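Report on the following structure.
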């Protein structure tokens with residue numbers, strides 16, 4: 001299969017309309033239809049069910065959509081990493097570190113300071129991202145290395161080194177009755193009628209259903225908590241970024257959060273190796 005055919009198929013599968021898919025791709029509809037027919041003949045499988053009004057995916061088409069997205073992401077990642085390696089070879093080396101905005105700020109600062117002291121250190125570009133985006137940035141080649149937080153992020157397919165394990169706390173408005181406690185349990189937090197947990201967007205950008213407010217980033221969430229609109233269960237290290245109008249109480253039975261530094265197993269970057277060594281050493 002050619003990458004061109006896969007791009008064509010993904011466009012049709014996502015739009016479920018040949019006209020809109022052709023417009024999205026910037027081509028005419030007849031060559032798009034021919035390319036999809038040719039792909040189906042080559043695979044010996046029907047990928048789309050077509051009627052005069054609708055286009056739907058077959059079971060085989062659903063499988064190919066997932067596989068095609070992964071394959072195209074891999075091709076784009078290979079292109080980005082190759083270009084970055086070429087820049088390094090011309091005397092402009094660097095490494096891109098993806099980390100969640102507002103999270104692990106103290107750890108990131110220590111990591112960067114430790115790495116900068118290394119004799120072969122190169123420039124580290126920070127890629128600050130939203131909730132759960134580090135994994136995608138690492139997989140598609142926009143980042144060389146990332147800080148992931150288990151069990152919330154997936155480290156599947158990456159090489160990792162553990163940097164820190166910590167408990168979790170519930171962040172509340174200062175003066176809330178629970179702030180007088182030395183610890184609470186998860187059930188007490190999830191049953192707070194006046195302070196629901198926030199809703200974060202999923203990989204598709206959609207928010208799950210629920211009573212909690214929609215949260216885009218940590219800065220917005222901390223403001224919502226201070227206003228008495230939400231609470232938040234977060235790693236213990238979040239205390240460093242809390243203002244005086246917020247308080248944190250340990251959650252006794254919350255799962256431990258493990259911060260790892262992750263990189264693609266096929267990476268041969270000396271800069272990535274150096275950054276990982278500095279991170280694990282310090």
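Residue numbers (full-length UniProt numbering): 1 to 282.
We treat Cβ as the ideally placed atom computed from N, Cα and C, and that holds for glycine.
Bear in mind the structure is a predicted one, so any value in this text is a computation, not a measurement.
| Expressed to the nearest angstrom, what Euclidean distance is found between the alpha-carbon atoms of residue 153 and residue 138? | Each residue's alpha carbon lies about 12 Å from the other.
| message | Suppose the cutoff is 6 Å on Cβ atoms and the five residues either side in sequence are ignored; what does the same chain contact list for residue 210 look like? | response | 199.
| request: Have a look at 117, 146, 113 and flag the residue whose alpha-carbon is nearest the alpha-carbon of residue 101. | output: That would be 146, whose Cα lies nearest to the Cα of residue 101.
| Distance between residue 36 and residue 63 (C-alpha atoms, nearest Å) | Each residue's alpha carbon lies about 15 Å from the other.
| field | Outcome for residue 133 when other beta-carbon atoms lying within 10 angstroms are tallied against a minimum of 16 | value | With 16 or more other Cβ atoms within 10 Å, it is buried.
| field | Spatial distance of residue 208 from residue 201 (CA atoms) | value | When only Cα atoms are considered, residue 208 and residue 201 end up about 7 Å apart.
| message | I need the straight-line Cα distance from residue 124 to residue 156, nearest angstrom please. | response | Roughly 24 Å between the two C-alpha positions.
| query | Between the Cα of residue 142 and the Cα atoms of 113, 47, 28, 85, which residue gives the shortest distance? | reply | If we check each option's Cα against that of residue 142, 85 comes out closest.
| On the three-pair Cβ rule with 8 Å, is the region 2-9 touching the region 26-40? | Remark: three or more beta-carbon pairs, one from each stretch, lie closer than 8 Å, so the region 2-9 and the region 26-40 are flagged as touching.
| For residue 250, which residues from the same chain have a beta carbon less than 7 Å from its beta carbon, with the 5 sequence-adjacent residues on both sides left out? | Cβ within range, chain order: 167, 169, 183.
| request: Using 10 angstroms around the beta-carbon of residue 173, count the other beta-carbons present and answer buried if the total reaches 16, otherwise exposed. | output: Flag for residue 173 reads buried.
| said: What does DSSP give as the partner residue(s) for residue 168 in the beta ladder? | reply: In DSSP, residue 168 forms a bridge with 235.
| What first and last residue would you give for the beta strand (DSSP E) that runs through residue 94? | Per DSSP, the unbroken beta strand (DSSP E) holding residue 94 starts and ends at 94-100.
| request: Check whether the Cβ atoms of residue 240 and residue 261 sit closer than 7 Å, and answer yes or no. | output: Not in contact: residue 240 and residue 261 (Cβ atoms no closer than 7 Å).
| field | Environment of residue 82 [buried if 16+ CB atoms lie within 10 Å] | value | Answer is exposed; the Cβ neighbour count stays below 16.
| request: Return the residue from the list 163, 78, 192 that minimises the CA-CA distance to residue 106. | output: Taking residue 106 as reference, the option from 163, 78, 192 with the minimal CA-CA separation is 163.
| query | When the Cα of residue 49 is compared with those of 12, 269, 180, 131, which residue comes out closest? | reply | With distances taken between Cα atoms, residue 49 lies closest to 12.
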